[in-house]
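Engineer:
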């Protein structure tokens, strides 16, 4: 039989945790998974951020080279660097237009997963305009779209029937 | 470009089974073959879907759950839905709506409320359930629907253990709205109370570890729409609206109390047993989808659990925003292990390492020894879905031949949602034919009755990776390449392996 109350779980730890939950917020039962020494995927590390400065050689709204999305090639003092910016519509939504020949400053990280490297932009600056593309943990900020304005979007801006 | 959020809503169909816009319409194809008709859609159905809406000129995550009643003659006679869009949440009743079903089980559905009419393409796998895709130019979304058992529209009938998988957008520690997945389990006591609630959240790769539910968990039915099976709940600290499918399944959507956070997902009844390490024994197929720091990600594969903590025969395909990682990697070997929580509530962990590509880590909550909700816990990845036991032995060309309803959902330059029907034969070449409707999210990007042909090729070990290639036959032709993992003779899970899109799919056998 499945345990239907804590007395049947034989888990003192869980029982204690649940008792604590009665007087506080969520309590941890199983610890967080530890990141492996050799993760298979990209992992953003704020402490390893670098800054790229240069001029835009090429802007591609939908690159045919993975990762899918907008890419720019930046001519830096040490050569051209390809940068992943995410969703081009997020740039347009924020009225951030990239044109070839303009100077840009990009904060981000060069990451590799064994199949090639790519510079992932977290913040891009052009002229007096700066746009955060990812969180400090590397999470894409374009995914929530206008919802990220936390209800600030006015009703008429939602298109069509609900 | 959104995250792949469909897995929880798409896989709901597999879990339960085992457990217009201004677009293009082709010249009429040959009449579909099959035994479905308008009479096949009759009764009260609950639906759920998630996707992308156009809001303030950009794509924005949204969710929709509800119920509609079909009369078997092409009319929708009632229903209500909850929507969670960029401007807030609404509860809307349907009026004067309609549908039509073709012989192959495909059909269209229009639902009208006081804000206008929304349009859908559907594909019935049986008269009890099917897949659904919204086909408006301003909304692309995919999900599933199941017939409701109205005799269970009572709080006393919701009295079981449940596992759940909610995914969508939630706040991180810096109050950024980012991708979020929450999986867990709870006991509903039949009186609105919830106990033994446990969950794990993954917020853009930041893991909570297993937590007990905060204070305030409850569920209750809603008095305003007593015939709908609608209710409200607090699960894992989240405020939600739900619709009852039956006593074994509930469909959830974040309520206005949590706006602008938005989560969509299902809770599935948990078998009444004490789970331990031996509960996981045999071959399993999994499909998960979500987001990484690069963008959308999807992974499908299979593994064998030995009932003693060891995982073997691990095969998978990961598509991380166009970048492919197959396991075993070239020249690599894969070893794995799993744990099941000592508290016997069905939670656990799974980990495997490819000697070349690195380590993959997951958590799960078992609904039974044959199915579970599944979440990846690797850095910067928020991806969830399910795993299902392979119960039919070695797939063969004969065992998988037949008719299937399917639903694919993915991301290329925007959200792409497909729904259709295919016939699989034992022919050596071109053994797949069918038709589908799809929405590529944008004005003029809705396509209906598109025929296609394809080839399903069984692998050396058909319990592992198989290949499905589908090409639309009208010009310009588009080819979609998948790795196909066969759960059983009724269900196949798909992950796209193209570099220009990330896509997942579910094929469900029709009678």
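Protein chains in written order, with the working numbering: chain A, 43 to 204; chain B, 837 to 1347. Yeah, the Cβ is synthetic: ideal placement off N, Cα and C, and Gly gets one too.
Which of the three DSSP states, helix, strand or coil, is assigned to residue 837 (chain B)?
Structural biologist: A caution first: residue 837 (chain B) carries a pLDDT of 42, below 50, which makes its placement in the model too unreliable to give a value.
Engineer: Could you have a look at residue 1283 (chain B) and say whether DSSP puts it in helix, strand or coil?
Structural biologist: Here residue 1283 (chain B) sits in strand by DSSP.
Engineer: Is there at least one Cβ from chain A nearer than 8 angstroms to residue 972 (chain B)'s Cβ?
Structural biologist: Yes, residue 972 (chain B) counts as interfacial toward chain A.
Engineer: The beta strand (DSSP E) that contains residue 926 (chain B), what's its start and end?
Structural biologist: Unbroken beta strand (DSSP E) run through residue 926 (chain B): 924 to 929.
Engineer: If I'm right that residue 189 (chain A) touches residue 1096 (chain B) with Cβ under 8 angstroms, what's the distance once you round it to whole angstroms?
Structural biologist: Yes, residue 189 (chain A) and residue 1096 (chain B) are in contact; Cβ-Cβ is about 5 angstroms, under 8 angstroms.
Engineer: Within a Cβ cutoff of 6 angstroms, which residues of the same chain sit near residue 63 (chain A), ignoring the five residues on either side of it in sequence?
Structural biologist: Model confidence at residue 63 (chain A) stands at a pLDDT of 37, short of 50, so the residue's coordinates are unreliable and nothing is read from them.
Engineer: Quick one: Cα of residue 1287 (chain B) to Cα of residue 1061 (chain B), how far?
Structural biologist: In a straight line, the C-alpha of residue 1287 (chain B) is about 41 angstroms away from that of residue 1061 (chain B).
Engineer: Between which two residues does the beta strand (DSSP E) holding residue 1054 (chain B) run?
Structural biologist: Start and end: 1054 to 1057.
Engineer: The alpha helix (DSSP H) that contains residue 1236 (chain B), what's its start and end?
Structural biologist: First-last of the alpha helix (DSSP H) with residue 1236 (chain B): 1233 to 1236.
Engineer: For residue 1239 (chain B), which of helix, strand or coil comes out of DSSP?
Structural biologist: Three-state result, residue 1239 (chain B): strand.
Engineer: Is it true that the CB of residue 1088 (chain B) sits closer than 8 angstroms to the CB of residue 1070 (chain B)?
Structural biologist: Cβ distance not < 8 angstroms, so residue 1070 (chain B) and residue 1088 (chain B) don't count as in contact.
Engineer: Between residue 113 (chain A) and chain B, is there a C-beta pair that is closer than 8 angstroms?
Structural biologist: No, residue 113 (chain A) does not count as interfacial toward chain B.
Engineer: Return the first residue and the last residue of the alpha helix (DSSP H) that residue 131 (chain A) is part of.
Structural biologist: 130 to 135 is the extent of the alpha helix (DSSP H) around residue 131 (chain A).
Engineer: Counting beta carbon pairs with one atom in the stretch 1248 to 1261 of chain B and one in the stretch 976 to 983 of chain B, are three or more of them shorter than 8 angstroms?
Structural biologist: With the cut-off at 8 angstroms, the stretch 976 to 983 of chain B and the stretch 1248 to 1261 of chain B touch.
Engineer: Residue 1070 (chain B) versus chain A: which residues are under 7 angstroms apart at the beta carbon?
Structural biologist: Correct list: empty, because the minimum Cβ distance to chain A is about 12 angstroms.
Engineer: Starting from residue 104 (chain A), trace the beta strand (DSSP E) both ways and give me its first and last residue.
Structural biologist: Note, residue 104 (chain A): premise wrong, no beta strand (DSSP E); not H, not E.
Engineer: How about residue 1153 (chain B) and residue 1135 (chain B): do their beta carbons lie closer than 8 angstroms?
Structural biologist: Contact flag set, yes.
Engineer: Between the Cα of residue 1257 (chain B) and those of B:1324, B:968, B:1013, spot the shortest distance and give me the residue it belongs to.
Structural biologist: The option with the nearest alpha carbon to residue 1257 (chain B) is B:968.
Engineer: Assuming residue 1199 (chain B) and residue 75 (chain A) make a contact with CB atoms under 8 angstroms, what is their CB distance in whole Å?
Structural biologist: About 7 angstroms; that satisfies the 8 angstroms criterion.
Engineer: Output the distance between the C-alpha atoms of residue 1222 (chain B) and residue 1159 (chain B), rounded to the nearest integer angstrom.
Structural biologist: About 22 angstroms.
Engineer: Contact criterion: CB-CB distance below 8 angstroms. Does residue 953 (chain B) meet it with respect to chain A?
Structural biologist: It does; some Cβ of chain A falls within 8 angstroms.
Engineer: Give every residue of the same chain whose Cβ lies closer than 8 angstroms to the Cβ of residue 1168 (chain B), excluding the five residues on either side of it in the sequence, and list them in chain order.
Structural biologist: Excluding positions up to five away in sequence, the list reads 1190, 1191, 1192, 1193.
Engineer: Is the CB of residue 176 (chain A) under 8 angstroms away from at least one CB in chain B?
Structural biologist: For residue 176 (chain A), the answer is yes, since a Cβ of chain B falls inside 8 angstroms of its Cβ.
Engineer: Leaving aside the five residues before and after residue 999 (chain B) along the sequence, list all residues of the same chain whose C-beta is less than 6 angstroms from its C-beta, in chain order.
Structural biologist: Once the five neighbours on either side are set aside, the close Cβ partners of residue 999 (chain B) are 1021, 1104, 1106, 1201, 1203, 1209.
Engineer: Determine the direct distance from the alpha carbon of residue 1077 (chain B) to that of residue 1001 (chain B), and round the result to whole angstroms.
Structural biologist: Rounded to whole angstroms, residue 1001 (chain B) to residue 1077 (chain B) spans 14 angstroms at the Cα level.
Engineer: Please identify, using Cβ separations under 9 angstroms, the residues of the stretch 1131 to 1146 of chain B that lie next to chain A, in order along the chain.
Structural biologist: Listed by position along the chain: 1131, 1132, 1133.
Engineer: Taking the alpha-carbon of residue 1273 (chain B) as reference, which of B:1177, B:944, B:1341, B:882 has the nearest alpha-carbon?
Structural biologist: Looking at the Cα atoms, B:944 is the closest of the given residues.
Engineer: Considering Cα atoms alone, identify which of A:187, A:178, A:116, A:135 is closest to residue 160 (chain A).
Structural biologist: Residue A:116 is the option with its Cα nearest to residue 160 (chain A).
Engineer: Could you name the residues that DSSP lists as bridge partners for residue 956 (chain B)?
Structural biologist: Per DSSP, B:945, B:970.
Engineer: Does the beta carbon of residue 187 (chain A) sit closer than 8 angstroms to a beta carbon anywhere in chain B?
Structural biologist: Yes, contact with chain B.
Engineer: Here's a check: name, in chain order, each residue in its chain whose Cβ is nearer than 8 angstroms to the Cβ of residue 1307 (chain B), leaving out the five neighbours to either side.
Structural biologist: Excluding residues within five positions, the ones whose Cβ falls inside 8 angstroms are 1288, 1289, 1290, 1313, 1314, 1315, 1316.
Engineer: Against chain A, does residue 1232 (chain B) count as a neighbour if the rule is that its beta carbon must be under 8 angstroms from one of theirs?
Structural biologist: Not one chain A Cβ lies under 8 angstroms of residue 1232 (chain B).
Engineer: Below 8 angstroms, how does it come out for the stretch 920 to 931 of chain B and the stretch 891 to 901 of chain B: are there three or more Cβ pairs, yes or no?
Structural biologist: Touching, yes, given that three or more Cβ pairs across the two stretches are closer than 8 angstroms.
Engineer: So for residue 1307 (chain B), helix, strand or coil by DSSP?
Structural biologist: Here residue 1307 (chain B) sits in strand by DSSP.
Engineer: Can you name the residues that DSSP bridges to residue 882 (chain B)?
Structural biologist: Answer is B:903, B:982, bridged to residue 882 (chain B).
Engineer: Considering only residues of the stretch 1162 to 1203 of chain B, which uninterrupted beta strand (DSSP E) runs meet the minimum length of 3 residues and lie entirely inside it, listed in chain order?
Structural biologist: The qualifying runs are 1170 to 1176, 1183 to 1190.
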